[in-house]
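Novice:
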Amino acid sequence: MIDKRVASMAEAMAGIRDGATVLMAGFGDAGAPHALMDGLIEQGAKELTLVVNSAGRVHKAGEPTSGVARLIELGRVRKVITTFLRENSVAGRLVREGRMQAEVIPQGTLAERLRAAGSGVPAFFTPTGAGTLVAEGKEVREYNGRPCILELALPGDVALVEAWEADRWGNLIFRESGRNFNPIMAMAGQLTIVQAHHIRELGTLEPNRVVTPGIFVNRVLHLPVGDPKLPG
Amino acid sequence: MIDKRVASMAEAMAGIRDGATVLMAGFGDAGAPHALMDGLIEQGAKELTLVVNSAGRVHKAGEPTSGVARLIELGRVRKVITTFLRENSVAGRLVREGRMQAEVIPQGTLAERLRAAGSGVPAFFTPTGAGTLVAEGKEVREYNGRPCILELALPGDVALVEAWEADRWGNLIFRESGRNFNPIMAMAGQLTIVQAHHIRELGTLEPNRVVTPGIFVNRVLHLPVGDPKLPG
Amino acid sequence: MSEGFKPLGRAGMAARVAADIPAGWYVNLGIGIPTLAADFVPVEREVVLHSENGILGMGPAPASDNEVNPWLVNASTQRVTLRDGGSYVHHADSFAMVRGGHLDLCVLGGFQVAENGDLANWSQSATETGRQIGGAMDLAVGAKRVWVVMEHQTKDGQPRILRRCSYPLTAAGCVSRVYTNLAVLDVTPDGFKVIDMVPGLSLAELQARSEATLSS
Amino acid sequence: MSEGFKPLGRAGMAARVAADIPAGWYVNLGIGIPTLAADFVPVEREVVLHSENGILGMGPAPASDNEVNPWLVNASTQRVTLRDGGSYVHHADSFAMVRGGHLDLCVLGGFQVAENGDLANWSQSATETGRQIGGAMDLAVGAKRVWVVMEHQTKDGQPRILRRCSYPLTAAGCVSRVYTNLAVLDVTPDGFKVIDMVPGLSLAELQARSEATLSS
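Protein chains in written order, with the working numbering: chain H, 902 to 1133; chain D, 902 to 1133; chain U, 1370 to 1585; chain E, 1370 to 1585.
#1: Applying the 10 Å Cβ sphere with the 16-neighbour rule, what's the burial state of I1502 of chain U?
#2: Buried or exposed for R1014 of chain H, please, with buried defined as at least 16 other CB atoms from any protein chain shown within 10 angstroms of its CB.
#3: Taking any Cβ of chain H, which residues in the stretch 1508-1537 of chain U have a Cβ under 9 Å from it, in chain order?
#4: Less than 8 Å between the CB atoms is what I'm expecting for T1549 of chain U and H1521 of chain U, so what's the real figure, rounded?
#5: Buried or exposed: G957 of chain H, going by 16 or more other Cβ atoms within 10 Å of its Cβ?
#6: Can you list the residues of chain H that Y1457 of chain E reaches, using a CB-CB cut of under 7 Å?
#7: Report all residues from its chain with a CB closer than 8 Å to the CB of N1422 of chain U; omit the five preceding and five following residues, and keep chain order.
#8: Whole angstroms are fine: how far does the CA of L1053 of chain D sit from the CA of T1010 of chain D?
#9: Going by DSSP, what residue range makes up the beta strand (DSSP E) through N1397 of chain E?
#10: Consider the Cβ of E1072 of chain H: report whether some Cβ of chain E lies at a distance smaller than 8 Å.
#11: For chain E, is any of its Cβ atoms less than 8 Å away from the one on L986 of chain D?
#12: Just the Cα atoms here: how many angstroms apart are V1467 of chain E and R1532 of chain E?
#13: Using only CA atoms, which one of U:H1419, U:N1397, U:E1580 and U:P1537 lies nearest to T1523 of chain U?
#14: Would you call the stretch 905-923 of chain D and the stretch 1095-1110 of chain H touching, i.e. three or more CB-CB distances under 8 Å?
#15: Which same chain residues end up closer than 7 Å to G1133 of chain D when comparing Cβ atoms and leaving out the 5 residues on each side of it in sequence?
#16: Ordered along the chain, which non-local residues of its own chain (more than five positions away) have a Cβ less than 7 Å from that of Y1395 of chain E?
#17: Using Cβ-Cβ distances below 8 Å, what residues of the stretch 1083-1117 of chain D are close to chain A?
#18: Using the C-alpha atoms, what's the distance from V969 of chain D back to R1385 of chain E?
#19: Taking C-beta to C-beta, are R1079 of chain D and V1118 of chain D nearer than 8 Å?
#20: Return the chain-ordered list of same chain residues with a C-beta closer than 6 Å to the C-beta of T1113 of chain H, the five sequence neighbours on each side being excluded.
#21: Just the C-alpha distance for F928 of chain D and E988 of chain H, rounded to the nearest angstrom, thanks.
#22: Determine whether the Cβ of A1465 of chain U lies closer than 8 Å to any Cβ atom of chain D.
#23: What's the call for D1487 of chain U, buried or exposed, on a 16-neighbour Cβ count within 10 Å?
#24: Is P1403 of chain E helix, strand or coil when you go by DSSP?
#25: Given that a residue counts as buried once 16 or more other Cβ atoms are within 10 Å of its Cβ, and exposed if not, what is I1564 of chain U?
#26: Report yes or no: is there a C-beta of chain E within less than 8 Å of the C-beta of V1059 of chain D?
#27: Whose C-alpha, out of E:G1454, E:A1489, E:D1434 and E:W1440, is nearest the C-alpha of L1538 of chain E?
#28: Between R977 of chain D and L995 of chain D, is the Cβ-Cβ spacing less than 8 Å?
#29: For Q1091 of chain D, which option in D:A1067, D:E1066 and D:L1061 has the closest C-alpha, if you only look at C-alpha atoms?
#30: Can you grab the Cα-Cα spacing for the pair T1105 of chain D / D1453 of chain U, in whole Å?
#31: Applying the criterion that 16 or more other CB atoms from any shown protein chain within 10 Å of the CB defines a buried residue, is Q1008 of chain H buried or exposed?
#32: Can you give me the Cβ contacts of M1370 of chain U inside the same chain, cut-off strictly under 6 Å, excluding the 5 residues immediately before and after it?
#33: Answer with buried or exposed for G1455 of chain U, where buried requires no fewer than 16 other C-beta atoms within 10 angstroms of its C-beta.
#34: For the stretch 1023-1044 of chain D, which residues have a CB atom closer than 9 Å to at least one CB atom of chain E, in sequence order?
#35: What are the boundary residues of the beta strand (DSSP E) that includes D1555 of chain E?
#36: Can you give, in chain order, each stretch of the alpha helix (DSSP H) that sits fully within the stretch 1472-1509 of chain U and has at least 4 residues?
Next comes the structure, spelled out in structure tokens:
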């Protein structure tokens, strides 16, 4: 019987190695796998390459950071690939000091590189970024009269994903804008780990509504963690 | 008010020009826009490039052909881009006689080229077809230790699409395996025309269930045409 | 106003942009003043708003706490609503709409716009470490039209309407129109053309606040 | 059977393949004998069947007319059912599963397999006009494992187990195992290795029916 449910966070995090590339979904607080990020902090893997829409924000002195920002602050991140770095002053400092690498890329290119990794497309051309700093070192070729740059697929060793509903096959349904990067990171991850608010009986998720079929999912942890919060 | 519904087949077919590239969805009989294909036959455009999974089948002597096969038989097709040509003996003959061109390509490459066209990716590399007849004349480059070939996006001037449910904004929901090429052809078509079994009030299609958002749709014709048939 | 004219405020600029968006368009409104423009599009004028994080048919902020859905945020992570006819997609499908040329219009904030349509709106230095790009480059390249909304000059009086951008580019040659607190300018093959100015402002006064040559 | 052994029929070959598919695998079964293999996987052994036209978790043919859903056909356009846990996707997402390396196994029919793992299964001539490729090239390249099911020889006695394929290739070096009506062969760095034969068949007899050198 296929049963991708795991009983504990330790089981969910098992086998994530130092040096791994970890894809972390979420946009704002919606659809972000916060509990799994905390689990990864606890698990201890280091020298990570993080792929995440935003490098997080550093709060005022004395307030604890969390998630991506906490991993960075703890020095566990070798490199971050992201679209927003500005609000994390610690990350900016680490980059200036040469203690962390940062690759800031367009959000659509990030999404497309992830989808490409999940779909067997090793590289593709795009006009986004052509003629800008993003194009540095990249092959340029003209299509439809516009310069396009060659971008590479961005696979992950691990993907951390948040879903609203899941079943034991790993089928996933998301909530509203909580969908965001979750489906494409699930596709792009070699080991895709899901925190799900609700576990449903197999056969009760309507087949036309399933967004991420279980083929893209390895582990499901049942964690009803409540509603997303606003940034504060 | 946005209202993409059209009242007649003539209105649905208006403006399709000689020489157009027409994407035709469907896999087997499920999700194939048969009524729109008949409408296109009636409308008269010629010198067409058809992009369709199967070039159709020619029936026994005396039985009428329809759809793709009929368009080909009528000499209205300059070129067909497809994955199955064998069952259409008329198409094979026209190709041998130099009266029609045929590009037979892998089905996944067809799907990816359509999705690329809808997504602003002008070209991409894929290992599918490398080292085969499909690779002839294409650029080869190695990724992850395997040869890959460069494939181009495949946009259409027109896309003919079948949907189970639609609303006046052009949001679409498909039925089971009737989904197939419909969403990606809708994305790849400059003018996307839909035949829909059911028209629903705006706001009644569940937002998480919409597969093709109306942004990809131009015209919707309400045509409850019954269930798909088996090939016979 | 000793100068004889009154520059638009943020709301005024947003309203001015909104007035030009016709019914039926698919539109992405960038962070900042562009987002405000949504409030000035009357509900009965059906404009379909896109948000990069997978929303098509976005509605206004919730009218009351009862309407708040914490799972529904826009690209600025503000809580929003969904209109009838709206739908959700994942990030790659959302950017397929952007990059595939399906948006009729994108309205972006800007630092600088040049007379060749170049836009700089994401970074003020090529060596900055704390960069952010977000969806700006995809939107600038992908939308059928790009309008920019910005103050006509920087806070210390430097021009933003330039012959060539000095900041790192977001995209080359993408802008078709600029809305500032002083004027509306079209980017044409012959450079900037003024199509509207705030009452009381002369072309000469506008030119004095611009580096690029303006025509009318 | 004067030869002292009994070749497998189509059902026998399908059953032989099915016996080797473990629970939990994601599997695409190609047109022909591979499709038959589904009937020999017991329901309680959860194998998730993929169909190129957008079905994951495909079930068997409808048991009765009441169960027929004309909107649910497999890649051979036969009417099928959906298992609990099954779902539908569009063609690009379906081939993302294939091309992205997510299928554990694809079972394909074949014309020829070579000792270097090359497969020819789509055309018998480079100049054929009535070609069809379908999903074969994508599956052959994309799946983690490719098994081929075919008669050991052609109808007129020509070998299909070859040193090099003479027909146009479907994909190079993709096959890991071949199931024929006479034997099961693994493709190894040292060429074909026989891992099973029908009762009564000797390796010498199998070799006589093969062009490539076989080892045991």
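By construction, the Cβ of each residue, glycine as well, lies at the ideal position given by its N, Cα and C atoms.
Since this is a predicted model, take the numbers as computed values, not measurements.
Specialist: Checking against the coordinates, here is how it stands:
#1: Mapped onto the third sequence, residue 1502 of chain U falls at position 133. Counting Cβ neighbours within 10 Å, I1502 of chain U comes out buried, since at least 16 surround it.
#2: Taking the first residue of the first sequence as position 1, residue 1014 of chain H is located at position 113. Buried: at least 16 other Cβ atoms inside 10 Å.
#3: L1508, A1509, V1510, G1511 and P1537
#4: For the purposes of this step, residue 1549 of chain U is taken as the residue at position 180 of the third sequence. For the purposes of this step, residue 1521 of chain U is taken as the residue at position 152 of the third sequence. That pair is a contact at about 4 Å.
#5: Position 56 of the first sequence holds residue 957 of chain H. When all chains shown are included, G957 of chain H counts as buried.
#6: Start at 1 with the first residue of the fourth sequence, and residue 1457 of chain E comes out as number 88. Those are P1108 and N1109, listed as they occur along chain H.
#7: For the purposes of this step, residue 1422 of chain U is taken as the residue at position 53 of the third sequence. Only V1442, N1443, A1444, H1460 and S1463 meet the Cβ criterion.
#8: Here residue 1010 of chain D is taken as the residue at index 109 of the second sequence, counted from 1. Here residue 1053 of chain D is taken as the residue at index 152 of the second sequence, counted from 1. Looking at the two C-alpha atoms, the distance is approximately 10 Å.
#9: Locating residue 1397 of chain E in the fourth sequence gives position 28, where the first residue counts as 1. Taken as a continuous stretch (DSSP letters only), the beta strand (DSSP E) holding N1397 of chain E covers Y1395 to L1398.
#10: In the first sequence, the residue the question calls residue 1072 of chain H occupies position 171. The question names Glu, but residue 1072 of chain H in the sequence shown is Asn. Interface residue, yes.
#11: Numbered from 1 along the second sequence, position 85 holds the residue referred to as residue 986 of chain D. So yes, L986 of chain D belongs to the interface.
#12: Numbered from its first residue, the fourth sequence carries residue 1467 of chain E at position 98. Numbered from its first residue, the fourth sequence carries residue 1532 of chain E at position 163. C-alpha of V1467 of chain E to C-alpha of R1532 of chain E: approximately 28 Å in a straight line.
#13: Here residue 1523 of chain U corresponds to residue number 154 of the third sequence, with the count starting at 1. The candidate whose alpha carbon is nearest that of T1523 of chain U is U:E1580.
#14: no
#15: The residue given as residue 1133 of chain D occupies position 232 in the second sequence. Note that G1133 of chain D scores a pLDDT of 47, beneath 50, so its modelled location is shaky; the value from the coordinates is reported in the next line. Hits under 7 Å: none found.
#16: Counted from its first residue, the fourth sequence places residue 1395 of chain E at position 26. Correct list, in chain order: V1417, H1419, H1471, L1472 and D1473.
#17: Of the protein chains in this structure, namely H, D, U and E, none is chain A.
#18: Along the fourth sequence, read from residue 1 onward, the residue named residue 1385 of chain E stands at position 16. Along the second sequence, read from residue 1 onward, the residue named residue 969 of chain D stands at position 68. Rounded to whole angstroms, R1385 of chain E to V969 of chain D spans 39 Å at the Cα level.
#19: For this step, residue 1079 of chain D is matched to residue 178 along the second sequence. For this step, residue 1118 of chain D is matched to residue 217 along the second sequence. Residue identity check: residue 1079 of chain D is Gly in the sequence provided, not Arg. Not closer than 8 Å, so no.
#20: Counting from one through the first sequence, the residue named residue 1113 of chain H turns up at place 212. Once the five neighbours on either side are set aside, the close Cβ partners of T1113 of chain H are L1073, P1084 and A1087.
#21: Residue 928 of chain D sits at position 27 when you count from the first residue of the second sequence. Residue 988 of chain H sits at position 87 when you count from the first residue of the first sequence. Taking the straight line joining both Cα atoms gives about 49 Å.
#22: Your numbering for residue 1465 of chain U matches position 96 in the third sequence. Yes, its Cβ sits closer than 8 Å to a Cβ of chain D.
#23: Position 118 of the third sequence, counted from the start, is the residue given in the question as residue 1487 of chain U. With 16 or more Cβ atoms within 10 Å of its Cβ, D1487 of chain U is classed as buried.
#24: As a position in the fourth sequence, residue 1403 of chain E is number 34, starting the count at 1. P1403 of chain E falls in the helix class under three-state DSSP.
#25: Numbered from 1 along the third sequence, position 195 holds the residue referred to as residue 1564 of chain U. When all chains shown are included, I1564 of chain U counts as exposed.
#26: Within the second sequence, numbered from 1, the residue matching residue 1059 of chain D stands at position 158. No - not a single Cβ of chain E is within 8 Å of the one on V1059 of chain D.
#27: The residue given as residue 1538 of chain E occupies position 169 in the fourth sequence. When only C-alpha atoms are compared, the closest one is E:A1489.
#28: Within the second sequence, numbered from 1, the residue matching residue 977 of chain D stands at position 76. Within the second sequence, numbered from 1, the residue matching residue 995 of chain D stands at position 94. No, the Cβ-Cβ distance between R977 of chain D and L995 of chain D is not below 8 Å.
#29: Within the second sequence, residue 1091 of chain D is the residue found at index 190, counting from 1. With distances taken between Cα atoms, Q1091 of chain D lies closest to D:L1061.
#30: On the second sequence, position 204 is the one that residue 1105 of chain D refers to. On the third sequence, position 84 is the one that residue 1453 of chain U refers to. So the alpha carbons of these two residues sit roughly 8 Å apart.
#31: Counting from 1 along the first sequence, the entry for residue 1008 of chain H is found at position 107. Under this definition Q1008 of chain H is a buried residue.
#32: Position 1 of the third sequence, counted from the start, is the residue given in the question as residue 1370 of chain U. For M1370 of chain U, the pLDDT reaches just 45, beneath the cut-off of 50, and the residue's location in the model is therefore unreliable, leaving the point undetermined.
#33: In the third sequence, the residue the question calls residue 1455 of chain U occupies position 86. Flag for G1455 of chain U reads buried.
#34: T1027, P1028, T1029, G1030, A1031, G1032, T1033, L1034 and V1035
#35: Here residue 1555 of chain E refers to the residue found at position 186 when the fourth sequence is read from its first residue. Here the beta strand (DSSP E) through D1555 of chain E covers A1552 to T1557.
#36: none
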